[in-house]
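Quick note, the sequence shown lines up with residues 166 to 663 if you use this note's numbering.
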Amino acid sequence: MKILDRALLSIYRQKKMTLILFMIIFILGTVIISSFMIYTSSQKVEKEIKSRLGASGTISLNYELIEKDKENNSYSPDKEILTVDMIEDISKSPYIKKFEYNIYGIAETKNLNAVKLDTNNDTEKQNIVTFKGVNNHELIDIDNGIIELENGVLFEKNDIKDDSGKAIISKNLADSNNLNINDKITLDILIKSVLQTNESFNIKTYSVPIEIIGIFDITKSNIKNKNIDENQAALLEEQVNTMYFSNEFVKNYNKKTIAIFNELNPDFYINSDGTPMTEKQINELVTLGTPYYKLKNIDSVSYFTEEANAILQNSYFKVITTDNQYSLISGNIENLNKISINILLGTVLSSIIIINLVVILFMKQRKNEIAVLLALGAQKKKIMEQIIIEVLIISCISVSLSLVSSIILEKHISNSFVYSTDSLLLEDNVSNSEEEYLMSKISDESISQDDVQELYKESYKSIYYIFIVLVIILLILLSLIGSLLYILHLNPKKILLI
């Protein structure tokens with residue numbers, strides 16, 4: 166009888182031991198494979214998310230510190246002022262690749278139609294556009310791949326230094342208003358009182374001349390996508406209604422606008438002690454920009470954060486980076502990573518012991534058979550080959566089935582953690598909406614829960630399955646061969662006494 170036939174017959178005859186060996190390998194295989202899959206998937210997803218988000222940072226108010234100082238009666242209003250010196254000191258960091266400084270302005274216009282995207286966002290249409298000032302003639306948003314210049318030119322270095330009103334606008338905004346390159350138009354800016362008088366608003370209008378020198382299109386988002394969430398839709402709509410100017414233009418626009426607004430709303434701007442702000446204080450408030458720091462690589466984010474926060478330590482400001490956004494997105498991914506590696510290490514170590522014990526038990530049940538075969542003159546090599554084939558057949562079947570169960574288990578656990586992360590993210594959004602808004606401005610790309618789930622799907626590769634299956638089978642074979650070598654070097658009489 167051939168060795169394979171004898172091995173199959175032996176498996177059939179020893180159903181009890183076969184079933185025990187099968188179940189133990191199946192259970193251990195399921196735990197090992199699923200833990201390994203979760204760990205490798207989490208590692209790849211973490212790396213991919215960080216790669217997509219890029220490496221950048223900005224400055225935000227530290228509301229927790231402000232609240233803490235107010236509770237301790239140690240609050241200082243001066244610490245809530247972000248100076249240009251602080252911003253520039255941080256920009257000198259060796260970890261920074263590019264530095265951008267943006268002054269923002271908001272304009273409600275009478276004669277320019279803002280774009281309302283065809284999304285689930287049902288907010289009432291208003292002709293409100295965003296003025297985004299830049300201090301770099303090479304737009305960093307183009308460098309980040311958020312927008313691309315479709316027509317016209319970018320700013321020249323001299324354009325950045327003056328307030329000539331040269332503008333780069335979106336294709337959507339240009340099409341909506343029949344605007345082309347080199348068109349010169351005058352925007353009629355509406356400024357309203359905050360409180361109604363006789364059931365109507367006091368409104369003043371003034372004119373702002375601009376010239377269209379460039380038209381951009383959005384590259385990172387599909388404006389026809391119906392499945393984007395409310396926050397993404399709002400950010401997308403803001404981007405298509407953004408007009409790029411020089412910082413000087415936006416600064417002067419803000420000063421003039423706020424002067425008129427203050428006439429209509431004289432008690433709107435007040436200090437923390439209740440006194441009205443001076444004209445200088447108001448101008449400092451509305452002409453202060455938002456810094457953007459593009460870092461050299463992802464590994465430099467933590468070093469940059471530590472260095473920048475040291476500069477801001479005597480203020481109520483802090484640095485937020487793409488690492489903060491990753492923390493919001495990842496949530497339980499890191500916890501899942503830690504749990505899976507602990508389970509994997511524990512299971513592998515215990516598996517070596519358990520499989521060795523089971524194989525020894527398996528061999529002990531066969532000692533009479535082995536002793537008889539040796540006494541009849543059977544070659545040790547043949548006996549060893551038969552037993553190895555038996556265990557190999559059982560192992561291959563059980564590990565293959567455990568692979569299927571591992572895939573199901575891994576997907577279930579990963580999805581549970583991803584959904585849990587999304588719930589935590591929604592809770593955080595209530596209290597950290599300003600930080601989230603700033604983070605959406607500094608990252609190269611926005612990533613949703615669906616994106617995370619898709620990344621988990623993409624991380625599954627058959628090569629990992631094959632590798633871990635082979636490792637488990639090799640582990641079993643090593644345990645088996647070790648036991649066989651010990652038993653087969655004994656004579657038949659000693660084998661019976663084991």
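Ideal Cβ positions, reconstructed from N, Cα and C, are used throughout, including at glycine.
Predicted model only: the values in this text are computed from it and were never measured.
_Going by DSSP in three states, S372 sits in which element: helix, strand or coil?_
Sequence index remark: in the sequence shown, residue 372 carries index 207 (1-based). In this structure, S372 counts as strand in the three-state DSSP scheme.
*Going straight from the alpha carbon of Q179 to that of I646, what length do you get?*
To locate residue 179, count along the sequence shown from 1; it is residue 14. To locate residue 646, count along the sequence shown from 1; it is residue 481. Answer to the nearest angstrom: the Cα atoms are 20 Å apart.
*Less than 8 Å between the CB atoms is what I'm expecting for T470 and T452, so what's the real figure, rounded?*
Reading the sequence shown from its first residue, position 305 is the one you call residue 470. Reading the sequence shown from its first residue, position 287 is the one you call residue 452. Incorrect: roughly 27 Å between the Cβ atoms, too far for contact.
*Compare the beta carbon distance of Q551 and R217 with 7 Å and say whether it is the shorter of the two.*
Sequence index remark: in the sequence shown, residue 551 carries index 386 (1-based). Sequence index remark: in the sequence shown, residue 217 carries index 52 (1-based). The answer is no: Cβ separation not under 7 Å.
*M442: first and last residue of the uninterrupted alpha helix (DSSP H) it sits in*: Mapped onto the sequence shown, residue 442 falls at position 277. First-last for M442: undefined, no H or E at that position.
*Tell me the start and end of each unbroken alpha helix (DSSP H) in the segment 412 to 472 that is at least 4 residues and wholly inside, in chain order.*
412 to 429, 444 to 451
*Please look up how many angstroms separate the CB atoms of Y458 and S221, rounded, as I've assumed it's under 8 Å.*
The sequence position of residue 458 within the sequence shown is 293, counting from 1. The sequence position of residue 221 within the sequence shown is 56, counting from 1. Going by Cβ atoms, the distance from Y458 to S221 rounds to 6 Å, so yes, they are a contact pair.
*Taking Cβ to Cβ, would you say F482 is nearer than 7 Å to L314?*
By one-based count along the sequence shown, residue 482 stands at place 317. By one-based count along the sequence shown, residue 314 stands at place 149. For F482 and L314, no; Cβs fall outside 7 Å.
*What are the boundary residues of the alpha helix (DSSP H) that D243 is part of?*
Residue mapping note: residue 243 aligns to position 78 of the sequence shown, counting from 1. Careful: D243 lies outside any alpha helix (DSSP H) and carries neither H nor E.
*Taking the alpha-carbon positions, what's the I190 to S560 distance?*
For the purposes of this step, residue 190 is taken as residue 25 along the sequence shown, with counting starting at 1. For the purposes of this step, residue 560 is taken as residue 395 along the sequence shown, with counting starting at 1. Roughly 7 Å between the two C-alpha positions.
*Taking the alpha helix (DSSP H) that N500 falls in, what are its first and last residues?*
Sequence index remark: in the sequence shown, residue 500 carries index 335 (1-based). Here the alpha helix (DSSP H) through N500 covers 498 to 530.
*Report the rounded CA-to-CA distance for L400 versus V617, giving the unit in angstroms.*
In the sequence shown, the residue the question calls residue 400 occupies position 235. In the sequence shown, the residue the question calls residue 617 occupies position 452. Near 20 Å, if we compare the C-alpha coordinates of V617 and L400.
*7 Å Cβ cutoff met for G379 and V318*: The residue given as residue 379 occupies position 214 in the sequence shown. The residue given as residue 318 occupies position 153 in the sequence shown. Their beta carbons are under 7 Å apart, which means G379 touches V318 by this criterion.
*CB-CB under 6 Å to Y266, same chain, minus the five flanking residues each way: which ones, in chain order?*
For the purposes of this step, residue 266 is taken as the residue at position 101 of the sequence shown. Cβ within range, chain order: N300, G454, P456.
*Can you name the residues that DSSP bridges to A279?*
Indexing the sequence shown from 1 puts residue 279 at position 114. BP columns for A279 are empty, so no partner.
*If I185 and S567 are in contact, beta carbons under 8 Å, what's the gap, nearest whole angstrom?*
Within the sequence shown, residue 185 is the residue found at index 20, counting from 1. Within the sequence shown, residue 567 is the residue found at index 402, counting from 1. That pair is no contact at about 15 Å.
*Just how far apart, CA to CA, sit M549 and L493?*
Taking the first residue of the sequence shown as position 1, residue 549 is located at position 384. Taking the first residue of the sequence shown as position 1, residue 493 is located at position 328. Rounded to the nearest angstrom, the two C-alpha atoms are 56 Å apart.
*Does the separation of the CB atoms of D488 and V466 fall below 7 Å?*
Counted from its first residue, the sequence shown places residue 488 at position 323. Counted from its first residue, the sequence shown places residue 466 at position 301. Yes, these two residues count as a Cβ contact at 7 Å.
*Roughly how many angstroms lie between the CA atoms of L510 and I525, to the nearest whole one?*
For this step, residue 510 is matched to residue 345 along the sequence shown. For this step, residue 525 is matched to residue 360 along the sequence shown. Answer to the nearest angstrom: the Cα atoms are 23 Å apart.
*asked:* Excluding the 5 residues flanking N462 on each side, which residues of the same chain have their C-beta closer than 8 Å to its C-beta?
replied: The residue labelled residue 462 in the question sits at position 297 within the sequence shown. Closer than 8 Å at Cβ, skipping near neighbours: A220.
*asked:* Can you tell me whether P374 is buried or exposed? The criterion is at least 16 other CB atoms within 10 Å of its CB, across all chains shown.
replied: Taking the first residue of the sequence shown as position 1, residue 374 is located at position 209. It is exposed - the Cβ of P374 has fewer than 16 other Cβ atoms within 10 Å.
*Answer yes or no: do F133 and G330 have a C-beta to C-beta separation smaller than 7 Å?*
The structure shown has nothing for residue 133, since the chain only spans 166 to 663.
*Quick one, which of I203, S565, I176 has its alpha-carbon nearest N500's?*
Here residue 500 refers to the residue found at position 335 of the sequence shown. Nearest C-alpha to N500: I203.
*Decide if S588 is buried, meaning its Cβ has at least 16 other Cβ atoms within 10 Å, or exposed.*
Walking along the sequence shown from the start, residue 588 turns up at place 423. Confidence at S588 is low in this model, with a pLDDT of 48, below 50, so its placement is unreliable and the value that follows should be read with caution. Classification of S588: exposed, given that the 10 Å Cβ count is below 16.
_Simplified DSSP state of G219, which is helix, strand or coil_ = Here residue 219 refers to the residue found at position 54 of the sequence shown. If DSSP states are grouped into helix, strand and coil, G219 belongs with coil.
*State the start and end residues of the unbroken beta strand (DSSP E) segment that holds Y269.*
For the purposes of this step, residue 269 is identified with residue 104 of the sequence shown, where counting begins at 1. 269 to 274 is the extent of the beta strand (DSSP E) around Y269.
*Apply the 10 Å Cβ neighbour rule to L715 and answer buried if 16 or more other Cβ atoms are within range, or exposed otherwise.*
Only positions 166 to 663 of the chain appear in the structure, and residue 715 is not among them; the question remains open.
_Closest by C-alpha distance to S571, when choosing among L169, S200, N436, M188_ = Position 406 of the sequence shown, counted from the start, is the residue given in the question as residue 571. Looking at the Cα atoms, S200 is the closest of the given residues.
*Go to L355, then tell me how far its beta strand (DSSP E) extends in each direction, as first and last residue.*
Sequence index remark: in the sequence shown, residue 355 carries index 190 (1-based). Where L355 is concerned, the enclosing beta strand (DSSP E) stretches over 349 to 357.
*In whole angstroms, what separates the C-alpha of L282 from that of I312?*
Looking up residue 282 in the sequence shown gives position 117. Looking up residue 312 in the sequence shown gives position 147. L282 and I312: Cα-Cα distance of roughly 17 Å.
*Any idea what DSSP makes of F320, helix, strand or coil?*
Along the sequence shown, one-based indexing puts residue 320 at 155. Coil.
*asked:* In this structure, how does DSSP classify T295 when only helix, strand and coil are distinguished?
replied: By one-based count along the sequence shown, residue 295 stands at place 130. If DSSP states are grouped into helix, strand and coil, T295 belongs with the strands.
*Does the beta-carbon distance from T384 to G310 come in below 7 Å?*
Start at 1 with the first residue of the sequence shown, and residue 384 comes out as number 219. Start at 1 with the first residue of the sequence shown, and residue 310 comes out as number 145. Their beta carbons are under 7 Å apart, which means T384 touches G310 by this criterion.
*Assuming G194 and S515 make a contact with CB atoms under 8 Å, what is their CB distance in whole Å?*
What you label residue 194 is simply residue 29 of the sequence shown in a count that begins at 1. What you label residue 515 is simply residue 350 of the sequence shown in a count that begins at 1. Not quite, the Cβ-Cβ distance comes to about 13 Å (not below 8 Å), so this is no contact.
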